[in-house]
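Q:
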Amino acid sequence: MAPQRFHEQFDHIQRAMPDVALAMGPYDDAAHFLYEKGVVLARDGEEAQAVEDAVRAHFTATEGLVPDHVRRDGPRHNRTGVTRIRVGDPTEGTDTVPHALRALREAEDRQGRRLAARNHVVHIAVNACPSDEPVPVPRTQPANPAAAEGRYDADSAARVLVVDTGLVSDHRDYPLLAHTTGDVEPAETGADGVLRQYAGHGTFIAGILAAVAPNTDVTVRNTLSDAGAILESEFGARLFEAVDEGGWPDIISLSAGTTTEGTDGLIGLDAFMRELRAQRTLLVAAAGNNSSNARFWPAAYADLPEYADSVVSVGALSADGESEACFSNHGPWVRVYAPGERLTSALTGFAAPVPYIYQHSTYDACRFGFDYACTCRLPRRTGVLSEGRENTGAKPHQVMFDGLAQWSGTSFAAPVVAGLVAARMTARQEYDPRAARDGLLASATHSTEVRGVRATVLRPPTWSPAAAADPAVPV
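Quick note on our numbering: the sequence shown kicks off at 1 and runs consecutively.
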């Protein structure tokens with residue numbers, strides 16, 4: 001994604017998280033991320049104390065840095081095993097986080113691992129063209145994937161937890177979601193009555209799961225309610241809350257994550273990932289939409305030997321299902337690819353249509369500096385603002401959602417795979433989701449070439465290739 005689009009998404013998330021000062025991580029062709037200014041994370045206990053002492057000493061010895069700001073910021077001990085350490089005033093001057101991390105390099109080199117890290121923003125997508133923008137389709141158009149044959153049986157249903165945005169208020173009006181429960185989104189529209197960013201995302205995912213695997217109990221949690229984002233320091237706690245409330249499920253479907261500067265995961269998820277490893281739950285995680293080979297966490301835990309059994313990372317296939325979608329992350333850490341472009345599922349507006357506003361614009365370099373048809377073909381929702389975020393005076397195009405939508409992203413490839421694992425479990429009476437995953441991948445008969453390497457492909461029997469052009473997109 002080009003820097004301009006990254007800045008645009010930064011603005012969206014900053015508005016959704018007004019009490020947190022955000023900064024943008026180093027940008028290059030492979031990775032970029034958002035994080036909290038003035039705060040680092042460390043493992044609690046003696047390690048956090050050592051980090052605090054080292055940063056304070058470095059700031060004391062370095063001209064222009066203020067050691068008085070260095071202090072603990074929150075509980076010293078909690079279930080997530082991480083402590084927030086304040087290293088500067090986020091409202092004043094240059095961000096001090098890079099200085100704090102630099103102070104720890106020698107100690108980290110001696111120990112061979114990170115002692116502190118940025119407090120990353122974990123989010124659904126860092127881009128908005130088009131792999132995270134829905135478009136309406138007629139209610140008469142079938143879901144894609146279509147509903148598989150089978151019936152719901154409460155005694156044998158696989159349990160799937162979707163960690164995402166919550167359910168829209170009228171989700172029960174969609175027949176496939178009759179057995180879906182969880183958190184209802186507090187607000188689907190803004191004060192202007194226009195659909196909020198990522199509203200319906202969790203509902204869309206639940207619809208895909210229910211279509212691929214009818215015999216499932218799906219629970220959707222509204223964990224990513226701030227424009228699809230949450231701080232890493234809070235994410236681990238919210239994951240623990242979700243499994244505490246409903247018990248460890250068979251499968252967790254997760255479409256959010258972040259890139260980092262490291263290759264060993266997220267400090268804020270250390271405790272949760274260790275507990276996940278000890279359970280029988282399988283985490284199915286989206287590989288991200290940056291068209292990059294940079295690892296996207298938590299999906300990239302699938303590439304770490306100690307977590308490979310408990311995590312599967314999912315990239316997205318293009319609309320024809322024959323190659324990877326141009327927005328999909330890729331690399332040896334992505335274990336499988338599944339349909340993720342122009343899928344059709346439930347969104348909102350079953351009871352009454354919900355408006356959504358588009359503003360047309362033409363991109364000289366839509367994303368990554370290239371004119372990719374699949375990323376530039378669709379208009380971008382910007383309310384009444386142009387790409388330069390200045391009012392053009394032009395009347396924006398308003399469309400209405402009437403229950404179903406078409407959407408693209410690795411966000412939706414992940415629940416396809418989660419659904420296929422769940423369907424195999426119930427069809428074969430396999431009670432271990434990790435064994436079901438292994439059997440599914442071992443029996444896969446399709447593959448595709450991704451950047452010169454053959455990659456495993458899973459396509460639901462009820463999925464159909466999408467048309468090259470979408471007539472529902474306003475032109």
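Glycine is no exception: its CB is placed at the ideal position from the N, C-alpha and C atoms.
Check whether the Cβ atoms of residue 36 and residue 48 lie closer than 8 Å to each other.
A: Translated into positions along the sequence shown, residue 36 becomes position 36. Translated into positions along the sequence shown, residue 48 becomes position 48. Contact: no.
Q: In terms of alpha-carbon separation, which member of 232, 204 and 285 lies closest to residue 333?
A: By one-based count along the sequence shown, residue 333 stands at place 333. It is 285.
Q: Hey, which unbroken runs of the alpha helix (DSSP H) at 4 residues or more fall wholly within the segment 16–80?
A: Correct list: 46–61.
Q: Below 8 Å CB to CB, which residues in the same chain sit around residue 147 once its five sequence neighbours on both sides are set aside?
A: By one-based count along the sequence shown, residue 147 stands at place 147. Once the five neighbours on either side are set aside, the close Cβ partners of residue 147 are 176, 210, 211, 214 and 462.
Q: Just to confirm, are residue 74 and residue 83 a CB contact at a threshold of 8 Å?
A: Mapped onto the sequence shown, residue 74 falls at position 74. Mapped onto the sequence shown, residue 83 falls at position 83. Against a cut-off of 8 Å, the Cβ pair of residue 83 and residue 74 comes out as a contact.
Q: Where does residue 398 sit, in a helix, a strand or coil, going by DSSP?
A: Reading the sequence shown from its first residue, position 398 is the one you call residue 398. Of the three classes helix, strand and coil, the one that applies to residue 398 here is strand, per DSSP.
Q: Hey, out of 118, 459, 56 and 206, whose CA is closest to residue 168's CA?
A: Position 168 of the sequence shown, counting from 1, holds the residue named residue 168. Comparing Cα positions, the closest option is 206.
Q: Where do the ends of the beta strand (DSSP E) carrying residue 303 lie?
A: Translated into positions along the sequence shown, residue 303 becomes position 303. No beta strand (DSSP E) contains residue 303, which DSSP labels as neither H nor E.
Q: Could you check the C-alpha separation between residue 311 and residue 190 for me, to the nearest Å?
A: Along the sequence shown, read from residue 1 onward, the residue named residue 311 stands at position 311. Along the sequence shown, read from residue 1 onward, the residue named residue 190 stands at position 190. Rounded to whole angstroms, residue 311 to residue 190 spans 36 Å at the Cα level.
Q: Quick one: complete beta strand (DSSP E) runs, 3+ long, within the segment 130–206?
A: Listed in chain order, they are 158–164 and 180–182.
Q: Hey, quick one: how far does the alpha helix (DSSP H) through residue 411 stretch, first residue to last?
A: For this step, residue 411 is matched to residue 411 along the sequence shown. Unbroken alpha helix (DSSP H) run through residue 411: 410–428.
Q: What does DSSP give as the partner residue(s) for residue 338 in the beta ladder?
A: Walking along the sequence shown from the start, residue 338 turns up at place 338. Per DSSP, 316.
Q: Does the structure place the segment 281–301 close enough to the segment 324–333 that three or more beta carbon pairs sit under 8 Å?
A: Yes, since at least three Cβ pairs between the segment 324–333 and the segment 281–301 fall closer than 8 Å, the two stretches touch.
Q: May I have the straight-line CA-CA distance separating residue 254 from residue 448, to the nearest angstrom?
A: For this step, residue 254 is matched to residue 254 along the sequence shown. For this step, residue 448 is matched to residue 448 along the sequence shown. If I take the Cα positions, the gap works out to 24 Å.
Q: Would you mind sorting residue 400 into buried or exposed? The rule is 16 or more other CB atoms within 10 Å of its CB.
A: Translated into positions along the sequence shown, residue 400 becomes position 400. So residue 400 ends up on the exposed side.
Q: Distance check for residue 265 and residue 134, CA to CA, integer angstroms please.
A: In the sequence shown, residue 134 corresponds to position 134, counting from 1. In the sequence shown, residue 265 corresponds to position 265, counting from 1. Each residue's alpha carbon lies about 30 Å from the other.
Q: Just how far apart, CA to CA, sit residue 542 and residue 280?
A: Only positions 1 to 475 of the chain appear in this structure, which leaves residue 542 out of reach.
Q: Would you check if the distance between the CB atom of residue 422 and the CB atom of residue 178 is smaller than 8 Å?
A: For the purposes of this step, residue 422 is identified with residue 422 of the sequence shown, where counting begins at 1. For the purposes of this step, residue 178 is identified with residue 178 of the sequence shown, where counting begins at 1. Cβ atoms of residue 422 and residue 178: not closer than 8 Å.
Q: Give me the DSSP bridge partner(s) of residue 324.
A: Looking up residue 324 in the sequence shown gives position 324. Beta-bridge pairing links residue 324 to 317.
Q: In this structure, does DSSP put residue 118 in helix, strand or coil?
A: Here residue 118 refers to the residue found at position 118 when the sequence shown is read from its first residue. Strand, per DSSP.
Q: Pick helix, strand or coil for residue 264, following the three-state DSSP scheme.
A: Translated into positions along the sequence shown, residue 264 becomes position 264. It is coil, neither helix nor strand.
Q: Do residue 87 and residue 100 have their CB atoms nearer than 8 Å?
A: In the sequence shown, the residue the question calls residue 87 occupies position 87. In the sequence shown, the residue the question calls residue 100 occupies position 100. Their beta carbons are under 8 Å apart, which means residue 87 touches residue 100 by this criterion.
Q: What first and last residue would you give for the alpha helix (DSSP H) that runs through residue 99?
A: Counted from its first residue, the sequence shown places residue 99 at position 99. 97–103 is the extent of the alpha helix (DSSP H) around residue 99.
Q: Can you tell which of 195, 346 and 121 has its C-alpha closest to the C-alpha of residue 267?
A: Translated into positions along the sequence shown, residue 267 becomes position 267. Out of 195, 346 and 121, 121 has the C-alpha closest to the C-alpha of residue 267.
Q: Run through DSSP, which three-state label would residue 330 get?
A: Residue numbering aside, residue 330 sits at position 330 when the sequence shown is read from its first letter. In the structure shown, residue 330 sits in coil (DSSP, three-state: anything other than H, G, I, E or B).
Q: What residues in its chain sit with their C-beta under 7 Å from that of residue 208, if we drop five residues either side in the sequence?
A: Start at 1 with the first residue of the sequence shown, and residue 208 comes out as number 208. 145, 343, 345, 412, 415, 416 and 419, listed in sequence order.
Q: How far does the beta strand (DSSP E) with residue 243 in it reach, from first residue to last?
A: For the purposes of this step, residue 243 is taken as residue 243 along the sequence shown, with counting starting at 1. No beta strand (DSSP E) contains residue 243, which is instead part of the alpha helix (DSSP H) from 232–246.
Q: Under a three-way DSSP split, which group does residue 254 fall into?
A: One-based indexing of the sequence shown puts residue 254 at position 254. Residue 254 falls in the strand class under three-state DSSP.
Q: For residue 317 versus residue 437, is the C-beta spacing smaller than 8 Å?
A: Within the sequence shown, numbered from 1, the residue matching residue 317 stands at position 317. Within the sequence shown, numbered from 1, the residue matching residue 437 stands at position 437. Not closer than 8 Å, so no.
Q: Per DSSP, what are the beta-bridge partners of residue 221 in this structure?
A: Taking the first residue of the sequence shown as position 1, residue 221 is located at position 221. 163.
Q: Quick one: what's got a C-beta closer than 7 Å to residue 152's C-beta in the same chain, skipping five residues either side?
A: Against the sequence shown, residue 152 aligns to sequence position 152. Answer for residue 152: 179, 214 and 215, listed in chain order.
Q: Using CA atoms only, rank isn't needed, just tell me which of 457, 12, 65 and 354 is closest to residue 476.
A: Nothing in the structure corresponds to residue 476, since the chain is present only between 1 and 475.
Q: Have a look at residue 44 and residue 192 and give me their C-alpha separation to the nearest angstrom.
A: One-based indexing of the sequence shown puts residue 44 at position 44. One-based indexing of the sequence shown puts residue 192 at position 192. Each residue's alpha carbon lies about 44 Å from the other.
Q: Which two residues bound the contiguous alpha helix (DSSP H) that contains residue 275?
A: Walking along the sequence shown from the start, residue 275 turns up at place 275. Residue 275 -> alpha helix (DSSP H) spans 270–278.
Q: Secondary structure at residue 124, three-state DSSP: helix, strand or coil?
A: In the sequence shown, residue 124 corresponds to position 124, counting from 1. Reduced to three states, the DSSP call for residue 124 is coil.
Q: Just confirm the distance between the C-beta atoms of residue 458 and residue 435, as a whole number of angstroms; I'd bet it's less than 8 Å.
A: On the sequence shown, residue 458 is found 458 positions in, with the first residue counted as 1. On the sequence shown, residue 435 is found 435 positions in, with the first residue counted as 1. Contact flag wrong, Cβ pair sits at about 16 Å.
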